[in-house]
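Have a look at the structure below before the remarks.
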Amino acid sequence: MSLLSLIFDALLGLGLLWLAWRAVSSPGLFASVVLFMVFGFVMAITWARLGAPDLALAEAAISAGLTGALLLSACKAALTDTGNDNELPDEPSTVRRRWPAALICTGLGAVLSIVMIQVAANRAAVPPALAEAVTTHPLDNPITVMLLDLRGYDTLLEVTVLLTAFLGVRILLEQTELPRLHAPRATTPLMVDPLLAMATPVLLMTALYLFWTGMEAPGGAFQAGALLGALGVMYTLTGRFEPLDRTPVLLRLGLILGPGMFAIFACLALTWSEWPLAYPAGATGAAAVAIEFTLMISIAVTLTLLFSATPGLHARHMGVRHP
Amino acid sequence: MSGILAFSLTAGLLFALGLYGMLTRTGLIHRLLGANIMAAAVFLFLVVLSTRATEAGADPVPEVMVLTGIVISISLTAFGLVLIRYLRAMTGQATLPRSGREGDGHSGDD
Amino acid sequence: MNSFLMSAGLFLLINLAVGLLRLYRGPGPADRIQALLLFGTTTVAVLLLLAYAEALPALVHVALVFVMLAAIASIAFVQLPHRTGKD
Amino acid sequence: MSTWLAIALILIGCSFFLAGTVGLLRFPDTHSRLHALTKADNLGLGFICAGLAVHDGSLTGTIHLLFVWALAMMAATVSAFLIARWADEEPEH
Numbered sequence: 001m002s003l004l005s006l007i008f009d010a011l012l013g014l015g016l017l018w019l020a021w022r023a024v025s026s027p028g029l030f031a032s033v034v035l036f037m038v039f040g041f042v043m044a045i046t047w048a049r050l051g052a053p054d055l056a057l058a059e060a061a062i063s064a065g066l067t068g069a070l071l072l073s074a075c076k077a078a079l080t081d082t083g084n085d086n087e088l089p090d091e092p093s094t095v096r097r098r099w100p101a102a103l104i105c106t107g108l109g110a111v112l113s114i115v116m117i118q119v120a121a122n123r124a125a126v127p128p129a130l131a132e133a134v135t136t137h138p139l140d141n142p143i144t145v146m147l148l149d150l151r152g153y154d155t156l157l158e159v160t161v162l163l164t165a166f167l168g169v170r171i172l173l174e175q176t177e178l179p180r181l182h183a184p185r186a187t188t189p190l191m192v193d194p195l196l197a198m199a200t201p202v203l204l205m206t207a208l209y210l211f212w213t214g215m216e217a218p219g220g221a222f223q224a225g226a227l228l229g230a231l232g233v234m235y236t237l238t239g240r241f242e243p244l245d246r247t248p249v250l251l252r253l254g255l256i257l258g259p260g261m262f263a264i265f266a267c268l269a270l271t272w273s274e275w276p277l278a279y280p281a282g283a284t285g286a287a288a289v290a291i292e293f294t295l296m297i298s299i300a301v302t303l304t305l306l307f308s309a310t311p312g313l314h315a316r317h318m319g320v321r322h323p
Numbered sequence: 324m325s326g327i328l329a330f331s332l333t334a335g336l337l338f339a340l341g342l343y344g345m346l347t348r349t350g351l352i353h354r355l356l357g358a359n360i361m362a363a364a365v366f367l368f369l370v371v372l373s374t375r376a377t378e379a380g381a382d383p384v385p386e387v388m389v390l391t392g393i394v395i396s397i398s399l400t401a402f403g404l405v406l407i408r409y410l411r412a413m414t415g416q417a418t419l420p421r422s423g424r425e426g427d428g429h430s431g432d433d
Numbered sequence: 434m435n436s437f438l439m440s441a442g443l444f445l446l447i448n449l450a451v452g453l454l455r456l457y458r459g460p461g462p463a464d465r466i467q468a469l470l471l472f473g474t475t476t477v478a479v480l481l482l483l484a485y486a487e488a489l490p491a492l493v494h495v496a497l498v499f500v501m502l503a504a505i506a507s508i509a510f511v512q513l514p515h516r517t518g519k520d
Numbered sequence: 521m522s523t524w525l526a527i528a529l530i531l532i533g534c535s536f537f538l539a540g541t542v543g544l545l546r547f548p549d550t551h552s553r554l555h556a557l558t559k560a561d562n563l564g565l566g567f568i569c570a571g572l573a574v575h576d577g578s579l580t581g582t583i584h585l586l587f588v589w590a591l592a593m594m595a596a597t598v599s600a601f602l603i604a605r606w607a608d609e610e611p612e613h
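Chains as they are written, first to last, in the working numbering: chain A, 1 to 323; chain B, 324 to 433; chain C, 434 to 520; chain D, 521 to 613.
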């Protein structure tokens, strides 16, 4: 078993290295993008091997769904923006300063590897205070405990980072007229309609399920929100959501819901405790669920808008179809 | 866990590969991929660090940090891609402007 | 049984490594995307095998998320214009 | 008994994956590769799910695995259709 695991891990590592190498060194944009997407898949297997299913879940939702769509849309934008109809554009001069960079990176890689192996070879225990806090907490999953309780700020910052990135994108979009991308092609109802009809309820239910099991098993607000965001991206890609050049009020509310709840809760917490973000005694579970739920909605809305790179979206009426 | 050696070696080399991509490529999307690979290397190393504490289960702190890190790197990528489109709309190409065509050691780097 | 599951996973991983050859060779975008499809399915299978080999039932959820989002890449891909730019 | 059944099913699944990979590498054009890939792989995934379900034996586990397989087939159907049509529209061939 252990020899088997060793071979498995070594193969995973080699695969990661080869994929990374090809992704940064292959000349074409499209080839690199696909290689990077596969890199994400292998990364998910690696998290699974390292016994970190939380990360595997996040990586799966992000690299299988969102990053791929994002990077492929970037390929499309590269074609549209340059008006280059013939080929996915390669760079003008693909590689420069190859030898000095290779020398520096080889040296750095060697030093880093040696240091990392030595650091990782030392066993370290979980600090006792942390271990005790984790084991005596009413919520079971230690990662969730960390996310919700010991470092509530962490989740707040996560959603804030997403929101900030979206605000940045929105500011950029106001600065300039980017060329409009071609309208989505896959609007034909033939195969995509049944897919969406099935995928929508399944994704919604799975997101809720992941959210709920996140209390005692890996999962939780971010993973569930990422799934919902992927659903939104799917709707945008197939033309069911259409871009707007303003942000509708409902979407603004969705964007701010999670951070807003967090902030209100932090202030309210000062009435029953001297610390912001402290849960009321006896209602920890309920408060945590309420906050996580609003965070999930905000994460979903922010991811959809961020990945569609538009200030706003609205549902298109699909009522009358022309055969 | 047997993977510690293999994965810490991988993490070190991955970081170097990502950096190599960022230093040598001129295309900005390729550079963004390089930055993402560097981030993945850091995440990998943090998780390896968290699994080595096996007496009382894995140490949750690095894993939570990596979860946040994944969110940050995805936000960075999304923002970066829009920034690249913006640059392309301004200058007509997706590379950083350079002062001289050859032999300038410092310009055009992130 | 566990080492059997693990070796099945290893076999699929080797399979995946061989499939990388198609990704390397191309030639067209459609071929690369096909390789991506293969990797998606194989990754799901490896995750399922690992879930039982390592007794981590949460990995089944990971596999579930993977297959649910598998179609997005294809939908995003067919938005790309063809190389000759007929679109 | 059920252990052997599970092993047999998983082995069959692996062989289908092998077939899919060989097809992806050896077949000459996009459409035949697509044909080899989407059918063989999802059958292989189905056998592996079946084998793991036999190994697991619990109802929830079986439902999860069945769900994974059903979704994989749905996604593969749509993907194969979209990619095949995309390749068809490509004017060069």
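Beta carbons are placed, not taken as given, at the ideal position from N, Cα and C, and that holds for glycine.
Note that this is a predicted model, so its numbers are computed, not measured.
Which residues in the same chain as residue i place their Cβ atom closer than 7 Å to its Cβ, once the five residues preceding and following it in sequence are excluded?
i        : result
B/Gly403 : Leu355
A/Asp85  : Residue placement at A/Asp85 is flagged as unreliable, the pLDDT there being 47, under the threshold of 50; a coordinate-derived value is accordingly withheld.
C/Val479 : Gly442, Leu445, Leu446
A/Gly15  : Val42
A/Leu227 : Ala61, Leu203, Thr206, Ala207, Leu210
A/Leu35  : Leu19, Arg22, Ala23, Ser26
B/Met345 : Arg354, Gly357, Ala358, Asp433
Return no unless some Cβ of chain A is closer than 7 Å to the Cβ of residue i.
i        : result
B/Ala358 : no
B/Val365 : no
C/Ala488 : no
B/Gly403 : no
C/Leu454 : no
C/Met439 : yes
C/Leu470 : no
B/Gly335 : yes
Which class does residue i belong to by DSSP, given the choice of helix, strand or coil?
i        : result
A/Ala31  : helix
D/Gly577 : coil
A/Glu274 : coil
A/Gly239 : coil
A/Gly51  : coil
C/Ala509 : helix
A/Ala315 : strand
A/Gly68  : helix
C/Leu489 : coil
D/Arg546 : helix
B/Arg348 : strand
Compare the C-beta of residue i against all C-beta atoms of chain C and say whether one is closer than 7 Å.
i        : result
D/His551 : no
A/Val24  : no
A/Ile114 : no
D/Ala570 : no
D/Phe536 : no
D/His613 : Note that D/His613 scores a pLDDT of 46, beneath 50, so its modelled location is shaky; the value from the coordinates is reported in the next line. No, D/His613 does not count as interfacial toward chain C.
D/Val574 : no
A/Val119 : no
A/Ile45  : yes
A/Gly312 : no
D/Leu544 : yes
Out of the options, state which residue places its alpha-carbon closest to the alpha-carbon of residue i.
i        : options                                : result
A/Thr303 : A/Thr67, A/Val111, A/Asp245            : In the sequence as presented, Thr is not what sits at residue 303 of chain A; that position holds Leu. When each option's Cα is compared against that of A/Leu303, the closest is A/Thr67.
D/Ala539 : D/Met594, D/Thr523, D/Leu557           : D/Leu557
A/Thr160 : B/Leu369, B/Leu328, B/Gly335, B/Gly392 : B/Gly392
C/Ser436 : C/Leu483, C/Gln512, C/Asp464, C/Thr475 : C/Leu483
A/Leu72  : C/Leu513, C/Thr475, C/Leu481           : C/Leu513
A/Lys76  : B/Ser396, B/Ile397, B/Ile395, B/Ile407 : B/Ile407
Leaving out five residues before and five after residue i in sequence, what residues of the same chain have Cβ atoms less than 6 Å from its Cβ?
i        : result
D/Leu529 : Phe567, Ala570, Gly571
C/Gly518 : Residue confidence for C/Gly518 is low, a pLDDT of 33 falling below 50, so the modelled location carries little weight and cannot support an answer.
A/Arg151 : Confidence is the limiting factor: at A/Arg151 the pLDDT is only 44, short of 50, which leaves the residue's position unreliable, though a coordinate-based value still follows. So the list is empty, once near-sequence residues are dropped.
C/Ile466 : Phe510
D/Ala634 : Lying before the first or after the last residue shown, residue 634 of chain D is absent from chain D, which here runs from 521 to 613.
C/Gly473 : Ala503
Measuring only between beta-carbons, confirm whether residue i sits less than 7 Å from chain D.
i        : result
C/Ser507 : yes
C/Tyr457 : no
C/Leu497 : yes
A/Met296 : no
A/Leu71  : no
Should residue i be flagged as near chain B, meaning a C-beta pair shorter than 7 Å?
i       : result
A/Leu57 : no
Just the chain G side, please: which residues come within less than 9 Å of residue i by C-beta, in chain order?
i       : result
A/Phe41 : Among the chains of the structure shown, chain G does not appear; the protein chains present are A, B, C and D.
Using a Cβ-Cβ cut-off of less than 7 Å, list which residues of the segment 597–608 of chain D approach chain C; keep chain order. Val598, Ser599, Leu602, Ile603, Trp606, Ala607
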